[in-house]
Amino acid sequence: MSSTNLAGGGGGTASGGGADGSNPRAQNTITSEYSTTAGTYSDTMSSINTLGSTSTLHAPVSSPIAAAAAASAALVAQLNPADRWPTEPSAYKLDESIGVGATATVFTAFCLPRNEKVAIKCINLEKCQTSVDELSHEIQAMSQCNHPNVVSYYTSFIAQEELWVVMRLLNCGSMLDILKRKVKAIGKEQAQFGVLDEVSIATVLREVLKGLEYFHLNGQIHRDIKAGNILLADDGTIQIADFGVSGWLASSGGDLSRQKVRHTFVGTPCWMAPEVMEQVQGYDFKADIWSLGILAIELATGTAPYHKYPPMKVLMLTLQNDPPTLETNAERKDQYKAYGKSFKTLIRDCLQKDPAKRPTASELLKYSFFKKAKDKKYLVHTLIENLASVPVVSHHSSKKVASGKLRKDAHGNWEFEYDSPQESDSDEDEEREKKKEKKEQAAAAAAAAAPAQATEAGNQSSETLNMVLRVRNQQRELNDIKFDYTKSSDTVEGIAHELVTAELIDCHDLVIVAANLQKLIDYAGSKSDRRSITFALNSGVHANEVPDERTLTGFAQISLLD
Numbered sequence: 001m002s003s004t005n006l007a008g009g010g011g012g013t014a015s016g017g018g019a020d021g022s023n024p025r026a027q028n029t030i031t032s033e034y035s036t037t038a039g040t041y042s043d044t045m046s047s048i049n050t051l052g053s054t055s056t057l058h059a060p061v062s063s064p065i066a067a068a069a070a071a072s073a074a075l076v077a078q079l080n081p082a083d084r085w086p087t088e089p090s091a092y093k094l095d096e097s098i099g100v101g102a103t104a105t106v107f108t109a110f111c112l113p114r115n116e117k118v119a120i121k122c123i124n125l126e127k128c129q130t131s132v133d134e135l136s137h138e139i140q141a142m143s144q145c146n147h148p149n150v151v152s153y154y155t156s157f158i159a160q161e162e163l164w165v166v167m168r169l170l171n172c173g174s175m176l177d178i179l180k181r182k183v184k185a186i187g188k189e190q191a192q193f194g195v196l197d198e199v200s201i202a203t204v205l206r207e208v209l210k211g212l213e214y215f216h217l218n219g220q221i222h223r224d225i226k227a228g229n230i231l232l233a234d235d236g237t238i239q240i241a242d243f244g245v246s247g248w249l250a251s252s253g254g255d256l257s258r259q260k261v262r263h264t265f266v267g268t269p270c271w272m273a274p275e276v277m278e279q280v281q282g283y284d285f286k287a288d289i290w291s292l293g294i295l296a297i298e299l300a301t302g303t304a305p306y307h308k309y310p311p312m313k314v315l316m317l318t319l320q321n322d323p324p325t326l327e328t329n330a331e332r333k334d335q336y337k338a339y340g341k342s343f344k345t346l347i348r349d350c351l352q353k354d355p356a357k358r359p360t361a362s363e364l365l366k367y368s369f370f371k372k373a374k375d376k377k378y379l380v381h382t383l384i385e386n387l388a389s390v391p392v393v394s395h396h397s398s399k400k401v402a403s404g405k406l407r408k409d410a411h412g413n414w415e416f417e418y419d420s421p422q423e424s425d426s427d428e429d430e431e432r433e434k435k436k437e438k439k440e441q442a443a444a445a446a447a448a449a450a451p452a453q454a455t456e457a458g459n460q461s462s463e464t465l466n467m468v469l470r471v472r473n474q475q476r477e478l479n480d481i482k483f484d485y486t487k488s489s490d491t492v493e494g495i496a497h498e499l500v501t502a503e504l505i506d507c508h509d510l511v512i513v514a515a516n517l518q519k520l521i522d523y524a525g526s527k528s529d530r531r532s533i534t535f536a537l538n539s540g541v542h543a544n545e546v547p548d549e550r551t552l553t554g555f556a557q558i559s560l561l562d
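Counting from 1, position 470 in the sequence shown corresponds to residue 470 in the UniProt record's numbering; the numbering is continuous, with no gaps.
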């Protein structure tokens, strides 16, 4: 959501589920000293563990790690001892990963001293590339959020080069989880005509708007409103998650004028407002209103508009096309006729391309559509009790080593296909099979239309190399990413960019991957016997890891296939 990446691009939520075992990251301890380009901050680190009655730290604050340490420690010092949560990693047992972003991972965890389940967001401060002032504001914003529709922040502290943010764990998952379970419960045929009913949607959106109203009146933008970030508690409470990456819109003086705009490219493409994509005039809290309109479509149809397309195409379609409607996701006429005029009016007004024409959260709460909304008990009945028999699907489980192929489809879009089935639900398997069948048909048609013969020179100019990149993903599992490189049509920069777009490599590794890909291509062209290159990644390693070329921890390997 934010350039500070206190959650990674769309990355995790504080929703929960059971866990089977402890995570090795639970053994993390705070080291006594951190050396960065700005200097050493051993005094700052030790101050976290020896907080007295001081409310501020006087150590030098010129790096994200030191800034996070100072801000977190100052907030803890202001609390009554009885209200303080532990600020030692050893006080928490990390369990299941429930969300992964570019610079952060969210875990379910157990607070040992308080005997309570929580969610912990582990943010890599070396990667987040944020300013000291902004990071301090972000932590302060989290601590000051006190609203029934915003996930509760408990505490934060430094663990090696990571900032750990401890939050309330909501045990019924996100609205994305609910949508998937609802589709399973009613069947795909019925879900084609709408997933959630208008009363459920009105009730959920009303609570989200209350949270957004609170944000905006306090000078904050959320910047990543979507079903995956809207959480449900077992009492029917709706809360907005990932508030830790919201951005301060106003100055310390509380100026909420529209001149206070953001200029960071933050959010998830399908839910991202046009002005956020364009980065011309900047953007303000009205970007959240656009995302709310997309969320409304998502709750009704089960998916966001353009969800089938790669990120770059989503940006293009959003900027070039008219604003999405319910019918954008429709495959047949009158597919969503069950939804009335007041709901479509809400969507239309939220999805105005001109931010000035979008209503505020306070204005939207007065719309007639919300007369349909009911209380929390209704959500307990419709979204929890009625779906109790539907199993919860884990969205983050996978095999230790995943092998697949990065390939272009008939439209020239890159997609990653696994060689062997991954753990997923039957709907995903069915969808994958349909895509595979379409690809095979397109390939057959292309082959039939191709010239029967090619000249020798043509063959040489179109020489194709079969390659594989082995690299660890955000869950630290090894992925084998296979792809073809055709000299006449591909570039190393293009391949590397597509790997980043598909979230197969970290954005910080784009240049180093492209450079080593070019090296291997040059070796192949010179008829060298060298078939593989292992290289260090710019993205580095996680807090509990040590760089190891042999195990490809902090390294990657690119090879030619026979």
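Backbone N, C-alpha and C define an ideal beta-carbon position, used for all residues, glycine too. Computed from a predicted model, the values in this text were never measured in an experiment.
Nearest-angstrom Cα distance between Ser-488 and Ala-536?
Along the sequence shown, one-based indexing puts residue 488 at 488. Along the sequence shown, one-based indexing puts residue 536 at 536. When only Cα atoms are considered, Ser-488 and Ala-536 end up about 29 Å apart.
Between Leu-179 and Val-195, how many whole angstroms is the CB-CB distance? I'm expecting something under 8 Å.
Along the sequence shown, one-based indexing puts residue 179 at 179. Along the sequence shown, one-based indexing puts residue 195 at 195. Yes, they are in contact, since the Cβ atoms of Leu-179 and Val-195 sit about 6 Å apart, within 8 Å.
Counting pairs of beta carbons, one from the stretch 153-167 and one from the stretch 116-127, are three or more of them closer than 8 Å?
Because the criterion of three Cβ pairs below 8 Å is met, the stretch 153-167 and the stretch 116-127 touch.
Buried or exposed: Ser-528, going by 16 or more other Cβ atoms within 10 Å of its Cβ?
Start at 1 with the first residue of the sequence shown, and residue 528 comes out as number 528. It is exposed - the Cβ of Ser-528 has fewer than 16 other Cβ atoms within 10 Å.
Report the partner residues of Val-468 according to the DSSP bridge assignment.
Here the question's residue 468 lines up with position 468 in the sequence shown. Note: Val-468 sits in a beta bridge opposite Lys-482 and Ser-559.
Classify Ile-289 as helix, strand or coil using the three-state DSSP reduction.
By one-based count along the sequence shown, residue 289 stands at place 289. Helix at Ile-289.
Compare the Cα-Cα distances from Arg-114 to each of Ala-91, Thr-318 and Gly-525 and report the closest residue.
Taking the sequence shown and counting its residues from 1, one reaches residue 114 at position 114. If we check each option's Cα against that of Arg-114, Ala-91 comes out closest.
With 16 other CB atoms within 10 Å as the buried threshold, where does Asp-334 fall?
Position 334 of the sequence shown, counting from 1, holds the residue named residue 334. Exposed, since its Cβ has fewer than 16 Cβ neighbours within 10 Å.
Who are Ala-141's beta bridge partners in DSSP?
For the purposes of this step, residue 141 is taken as residue 141 along the sequence shown, with counting starting at 1. Its beta-bridge partners do not exist; DSSP assigns none.
When the Cα of Ile-297 is compared with those of Pro-547, Ile-347 and Lys-308, which residue comes out closest?
In the sequence shown, the residue the question calls residue 297 occupies position 297. Comparing Cα positions, the closest option is Ile-347.
On the DSSP letters alone, give me the boundaries of the alpha helix (DSSP H) that Met-175 sits inside.
As a first step, residue 175 is located in the sequence shown; it is residue number 175 there, counting from the start. Where Met-175 is concerned, the enclosing alpha helix (DSSP H) stretches over 175-186.
What do you reckon, are the CB atoms on Leu-560 and Leu-478 nearer than 8 Å?
Along the sequence shown, read from residue 1 onward, the residue named residue 560 stands at position 560. Along the sequence shown, read from residue 1 onward, the residue named residue 478 stands at position 478. No. Outside cutoff.
Taking the beta carbon of Ala-141 as the centre, do at least 16 other beta carbons fall within 10 Å, making it buried, or is it exposed?
Reading the sequence shown from its first residue, position 141 is the one you call residue 141. Ala-141 should be labelled buried.
Between the Cα of Ile-238 and the Cα atoms of Arg-470, Ser-152 and Asp-95, which residue gives the shortest distance?
To locate residue 238, count along the sequence shown from 1; it is residue 238. Of the listed residues, the one whose Cα sits closest to Ile-238 is Ser-152.
What residues in its chain sit with their C-beta under 6 Å from that of Leu-112, if we drop five residues either side in the sequence?
Here the question's residue 112 lines up with position 112 in the sequence shown. Only Ala-91 meet the Cβ criterion.
DSSP beta-bridge partners for Cys-172?
In the sequence shown, residue 172 corresponds to position 172, counting from 1. Cys-172 is not bridged to any residue.
Hey, quick one: how far does the beta strand (DSSP E) through Ser-156 stretch, first residue to last?
For the purposes of this step, residue 156 is taken as the residue at position 156 of the sequence shown. Looking at the DSSP string, the run of the beta strand (DSSP E) that includes Ser-156 is 153-159.
Pull up the DSSP beta-bridge partners for Thr-534, would you.
As a working mapping, residue 534 is identified with position 534 in the sequence shown. Looking at the DSSP assignment, Thr-534 forms a beta bridge with Gln-557.
Find the nearest neighbour of Gln-474 within the set Thr-87, Glu-88, Thr-318 and Thr-105, judged by alpha-carbon distance.
Working through the sequence shown from its first residue, we reach residue 474 at position 474. Taking only the C-alpha atoms, the option nearest Gln-474 is Thr-105.
Would you mind reading off the limits of the beta strand (DSSP E) that contains Gln-239?
Here residue 239 corresponds to residue number 239 of the sequence shown, with the count starting at 1. Counting along the chain, the beta strand (DSSP E) containing Gln-239 begins and ends at 238-240.
How is the alpha helix (DSSP H) around Val-106 delimited, first residue to last?
Along the sequence shown, one-based indexing puts residue 106 at 106. Counting along the chain, Val-106 falls outside any alpha helix (DSSP H), though it belongs to the beta strand (DSSP E) covering 104-111.
Considering Val-492, what are the terminal residues of the beta strand (DSSP E) in which it resides?
On the sequence shown, residue 492 is found 492 positions in, with the first residue counted as 1. If you look at Val-492, you'll find it isn't in any beta strand (DSSP E); it sits in the alpha helix (DSSP H) that goes 492-501.
Rounded to the nearest angstrom, what separates Lys-344 and Glu-198 at their Cα positions?
Within the sequence shown, the letter at position 344 stands for residue 344. Within the sequence shown, the letter at position 198 stands for residue 198. When rounded, the distance between both Cα atoms is 11 Å.
Using the Cβ count rule (16 or more neighbours within 10 Å means buried), how would you classify Arg-206?
For the purposes of this step, residue 206 is taken as the residue at position 206 of the sequence shown. Around the beta-carbon of Arg-206, 16 or more other beta-carbon atoms lie within 10 Å, marking it buried.
Would you check if the distance between the CB atom of Gln-352 and the CB atom of Pro-323 is smaller than 8 Å?
Here residue 352 corresponds to residue number 352 of the sequence shown, with the count starting at 1. Here residue 323 corresponds to residue number 323 of the sequence shown, with the count starting at 1. Between Gln-352 and Pro-323, the CB-CB gap stays under 8 Å.
Taking just the CA atoms, how far does Ile-139 sit from Lys-184?
Within the sequence shown, numbered from 1, the residue matching residue 184 stands at position 184. Within the sequence shown, numbered from 1, the residue matching residue 139 stands at position 139. Whole-angstrom Cα-Cα distance: 39 Å.
Rounded to whole angstroms, how far is the Cβ of residue 574 from the Cβ of Thr-534, which I believe are closer than 8 Å?
Nothing about residue 574 can be reported from this structure: the residues present for the chain run from 1 to 562 only.
Could you check which residue in Thr-501, Val-150 and Lys-93 has the C-alpha nearest to that of Val-314?
In the sequence shown, residue 314 corresponds to position 314, counting from 1. With distances taken between Cα atoms, Val-314 lies closest to Thr-501.
Leaving aside the five residues before and after Glu-126 along the sequence, list all residues of the same chain whose C-beta is less than 7 Å from its C-beta, in chain order.
By one-based count along the sequence shown, residue 126 stands at place 126. So the list reads Glu-161 and Gly-540, once near-sequence residues are dropped.
Taking the alpha helix (DSSP H) that Glu-278 belongs to, which residues open and close that run?
Residue numbering aside, residue 278 sits at position 278 when the sequence shown is read from its first letter. Per DSSP, Glu-278 belongs to the alpha helix (DSSP H) from 274-278.
Can you tell which of Asn-124, Ile-123, Asp-354 and Ala-361 has its C-alpha closest to the C-alpha of Glu-275?
As a position in the sequence shown, residue 275 is number 275, starting the count at 1. With distances taken between Cα atoms, Glu-275 lies closest to Asp-354.
When we look at the beta-carbon of Met-316 and count the other beta-carbons within 10 Å, is it buried (16 or more) or exposed?
If you number the sequence shown from 1, residue 316 lands on position 316. It counts as exposed.
Would you call the CB atoms of Leu-295 and Ile-225 closer than 8 Å?
Your numbering for residue 295 matches position 295 in the sequence shown. Your numbering for residue 225 matches position 225 in the sequence shown. The answer is yes: Cβ separation under 8 Å.
Do Ala-361 and Glu-463 count as a contact pair if the criterion is CB distance below 8 Å?
Position 463 of the sequence shown, counting from 1, holds the residue named residue 463. Position 361 of the sequence shown, counting from 1, holds the residue named residue 361. Contact annotation: Glu-463 and Ala-361 have beta-carbon atoms that are not nearer than 8 Å.
Could you name the residues of the same chain whose beta carbon sits closer than 7 Å to that of His-497, not counting the 5 residues immediately before and after it, in chain order?
Here the question's residue 497 lines up with position 497 in the sequence shown. Contacts found: Leu-510.
Could you say which of Ile-158, Asp-234 and Val-208 lies nearest to Asn-171 if we only look at CA atoms?
Along the sequence shown, read from residue 1 onward, the residue named residue 171 stands at position 171. Of the listed residues, the one whose Cα sits closest to Asn-171 is Asp-234.
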